[in-house]
Amino acid sequence: MDGIELCYASAGTLSRLVQSKEISPVDIIDAHLARIEATEPMLNSFITLLPEEARAAARRAEQEIQSGNYRGPLHGIPVALKDLFNTGGVRTTSGSRVFDNFIPDRDCTVASKLHQAGAILLGKLNMHQFAYGPTGENPDYGHMHNPWDLELISGGSSGGSGSAAAAGQCTITTGSDTGGSIRIPAALCGIVGLKPTYGLVSRSGLTPLSWSLDHPGPMVRTVEDAALTMNVIAGHDPNDPASARVEVPDYTTALTGDVRGLRIGVVREYFEAPLDPEVEQSVREAIAVLESLGAVVTDVSFPMFNDSQAISGAILMTEAAAYHRDLLATDGDKLYPPVRLRLEAGLFVSAADYLRAQQARSVFDRQARGLLEQVDLLAGPTEPITAPKLLEERVQAGERGIGTTAALTQYTRPYNLTGFPAISVPCGFSEAGLPIALQLAGRPYDELTVLRAAHAYEQATEWSGRRPPI
Amino acid sequence: MAQEFSLSREAFLHLAAEAGLDVSSPHMDELFPYVEAQLAGLRSLHDIDVTGAEPDMAFQPAPEGRDGK
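So the sequences go chain by chain: A and B.
In case it helps, our numbering puts the first sequence at residues 999 to 1468.
In case it helps, our numbering puts the second sequence at residues 2 to 70.
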């Protein structure tokens, strides 16, 4: 397997080769560092690279494996973390020069678990400043670029994670998702992004954006890799007050390819919202593929979908402003102006309106849970459009013009409000050659069903095997 | 229907000062219309029937303490 093949191999494939000692972690890391060197000037996926540390870790992993101490499927596999996941001894900027010299003294829980599993940290990934934006803009460390077309956004806020995984710079990346920040870049970059159930993956040691909406999760190229990563990072953490006390299954048991009898609800309102016709066609075809595999597809109605922006917006603005209030007073003028404006605006939301939004969230959640009494999964587009141009403030979705942020978060925010697990999986390409994605959401803690359907779809189609032209 | 929303510049500056922002900064000229637009966008919250709904943020004391010990 040559260098580029190593870079595009899944963690599942690499782990089998590593375990059987057919390939060394040293070769895997060297191939990825070469890929990064070749592509990073165009993509800007990373804020901090750790080449020497990664090579040293690869040599240790090689020795451990040669000695018979194989730790599991992520041993020797390259991983990179969004730069709001604290890493002990490695700076963590949250995408802002204000924190250019912040070096945490310990790993966040996710980083610690990945380290214990033997994954090798290649670096820290670029992101929309403080994760407050879906476009992957960051003048402090350079805007992120989409590997399918460098003039387009990679999406955000976990934009570096999306571009790094899509371009073969890294096998496993992580993101955090408050209004779509895992699923948006996953969709726009043509990879798999899983927002797990709220509380299933620890937030401890991550810079918050909105305490009640933040979800960490994997961003990878295959559904199997999402399952393998979840096997490592999911689970109760006493250091996260919202961490769920639930049993964590082996997520790879979901990878059966069998969706016979699975009930999939197609949300009518998703197709009445602004939506590019090419995206609609691909998503409807994807749902038809699942039906052809034996799933039972029905239309469902989710009227409160149209309220999700206002509810989510009020909660996000207020919680983000509360967290960053002191920073705004001391360093507001050092922030990216659009992020500064968003943060400051949250200071003006009244407590009564914040609580009204939380009341509305309860009603919203009740309606969404009602849908999942009728069906096992909810299906629709992840994004109403393909990747727009950098710094474009408005986009065209079908016949309707709409603000870029509103468009990009249109289908993702509902599942931050409910905390349901939701996955974005590639489901086609536009005529311009840009990725389109299907979103599947399930019941709380039922990642197995979400992964099962996504994997069956992935295996029945060829979209995930495509590589960007970079 | 959502109530008509209006925020006077005087009220805005008062709230900004209370929030610790520098109200003498020219930045306020940019922030004021932005805040007006954002708050207007939230007025539709009042169209949602929340009768009988509690805020989705119930606090549940851990029976054995936060760390489970």
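Where is the CB? At the ideal position from N, CA and C, for every residue including glycine.
Because the structure is a prediction, the values reported are computed rather than measured.
- The distance from the Cβ of A/Ala1078 to that of A/Thr1171 is about 5 Å, consistent with a contact at the 8 Å cut-off.
- Residue A/Ala1395 holds the alpha-carbon nearest to the alpha-carbon of A/Val1277 among A/Ala1395, A/Ser1290, A/Ala1286, A/Leu1204.
- By the Cβ rule, the stretch 1286 to 1303 of chain A does not count as touching the stretch 1184 to 1203 of chain A, because fewer than three pairs are nearer than 8 Å.
- If you draw a straight line from the Cα of A/Gly1344 to the Cα of A/Glu1289, it is about 44 Å long.
- Using beta-carbon distances, A/Glu1342 counts as an interface residue toward chain B, with a partner under 7 Å.
- Contact check for A/His1453 against A/Val1221 passes: the beta carbons are separated by less than 7 Å.
- Taking C-beta separations shorter than 6 Å and ignoring five residues to either side along the sequence, the partners of A/Met1228 in its chain run Tyr1249, following chain order.
- The C-beta distance from A/Leu1375 to A/Thr1447 rounds to 6 Å, short enough to meet the 8 Å contact threshold.
- For A/Cys1187, there is no enclosing beta strand (DSSP E); the residue is part of the alpha helix (DSSP H) that begins and ends at 1181 to 1187.
- Around the C-beta of A/Gly1131, 16 or more other C-beta atoms lie within 10 Å, and the residue is accordingly described as buried.
- Contacts between B/Ala54 and chain A, judged by CB atoms closer than 7 Å, involve Gln1357, Ser1360, Val1361 in chain order.
- Between A/Val1361 and A/Trp1461, the alpha-carbon positions lie close to 37 Å from each other.
- Within the same chain, Leu1376, Tyr1413, Phe1418, Ala1420 come within 6 Å of A/Ala1439 by CB-CB distance, once the 5 residues on both sides are set aside.
- A check of alpha carbon separations from A/Glu1149 across A/Thr1133, A/Asp1138, A/Ser1156 identifies A/Thr1133 as the nearest.
- One alpha carbon belongs to A/Leu1048, the other to A/Ile1118, and they sit about 10 Å apart.
- In terms of beta-carbon proximity, B/Met58 lines the interface with chain A, with at least one pair separated by less than 7 Å.
- Distances from the CA of A/Ser1241 to each of A/Ala1271, A/Val1199, A/Ile1151 were compared; the closest alpha carbon is that of A/Val1199.
- Residue state for A/Gly1368 is assigned as helix, using DSSP reduced to three classes.
- The alpha-carbon separation between A/Ala1435 and B/Thr52 amounts to approximately 37 Å.
- Secondary structure within the stretch 1085 to 1121 of chain A: the alpha helix (DSSP H) runs of 4 or more consecutive residues, fully enclosed, are 1107 to 1114 (chain order).
- By the neighbour-count definition (other C-beta atoms within 10 Å, threshold 16), A/Asp1363 is a buried residue.
- A contact is defined here as three or more CB-CB pairs under 8 Å, and the stretch 1153 to 1172 of chain A fails this definition with respect to the stretch 12 to 22 of chain B.
- With respect to the C-alpha of A/Asn1099, the residue from A/Met1125, A/Gln1437, A/Asp1081, A/Ile1309 having the closest C-alpha is A/Asp1081.
- Around the beta carbon of A/Ala1184, 16 or more other beta carbons lie within 10 angstroms, which makes this residue buried.
- Contact between A/Ser1043 and A/Met1142 holds, since their C-beta atoms are separated by about 7 Å, short of 8 Å.
- In the three-state reduction of the DSSP assignment, A/Thr1046 falls in the strand class, which pools E and B.
- Note on A/Thr1176: 16 or more other CB atoms within 10 angstroms of its CB, so buried under the neighbour-count rule.
- Annotation: A/Val1264 to A/Val1295 spans about 7 Å, alpha carbon to alpha carbon.
- Taking a Cβ-Cβ threshold of 7 Å, the residues of chain B close to A/Gly1311 are Gly42, Leu43, in chain order.
- Between A/Val1024 and A/Ala1056, the C-beta gap is smaller than 7 Å, which places the two residues in contact.
- A/Arg1398 has its alpha-carbon roughly 32 Å from the corresponding atom of A/Ala1293.
- For A/Phe1346, the C-beta contacts it makes with chain B under 7 Å involve Leu16, Val36, Leu40, in order along the chain.
- Apart from sequence neighbours up to five positions away, the residues of its chain that approach A/Asn1144 with a beta-carbon distance below 7 Å are Leu1150, Ile1151, Ser1152, Ser1161, Leu1186, Cys1187, Ala1385, ordered along the chain.
- Closer than 7 Å to the CB of A/Arg1392 there is not a single CB belonging to chain B.
- Comparing alpha carbon positions, the residue from A/Arg1069, A/Asn1304, A/Pro1433 closest to A/Val1423 is A/Pro1433.
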